[in-house]
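In this note's numbering, the protein residues as written are 66 to 175.
Using N, Cα and C, we set each Cβ at its ideal position, and we do this for glycine too.
In this text the structure is predicted, and so the values were computed from the model without any measurement.
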């Protein structure tokens, strides 16, 4: 009996086939669908959220929410994340900000 452990580097459909003495055993192949697990708050970052100067009322401030390091491990947003952005006014009134998933599923934009 052998135990085989492996790690898949990216999501998608992977296929494993058993071979013996250089010949593939067709009856001993199987498919594995790899996917990322749910993102946690520690795996996302808010970009553009720091306002360094005063801005005029009525102007827009671009916010982007994305995986912390998408270039390092190819993580993309799925479009089904339960994200919320709330802006609190000086009067303590809270406003929800709608989010839109950008093309390519790299980030949400508010």
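Going by alpha carbons, who is nearest to residue i out of the options?
i           : options            : result
residue 79  : 170, 70, 99, 126   : 99
residue 101 : 174, 166, 141, 158 : 141
residue 81  : 154, 173, 96       : 96
residue 129 : 122, 154, 158, 162 : 162
Under 8 angstroms by Cβ, that's how I've got residue i and residue j pegged, so tell me the actual separation to the nearest angstrom.
i           : j           : result
residue 146 : residue 104 : 6 angstroms
residue 164 : residue 143 : In fact, because the Cβ distance is near 13 angstroms, the residues do not count as touching under 8 angstroms.
residue 113 : residue 131 : Not quite, the Cβ-Cβ distance comes to about 11 angstroms (not below 8 angstroms), so this is no contact.
residue 72  : residue 83  : Contact flag wrong, Cβ pair sits at about 19 angstroms.
Ordered list of beta strand (DSSP E) runs contained in the segment 94-166, each at least 3 residues: The segment 94-166 contains these whole beta strand (DSSP E) runs: 109-112, 129-132, 150-153, 159-162.
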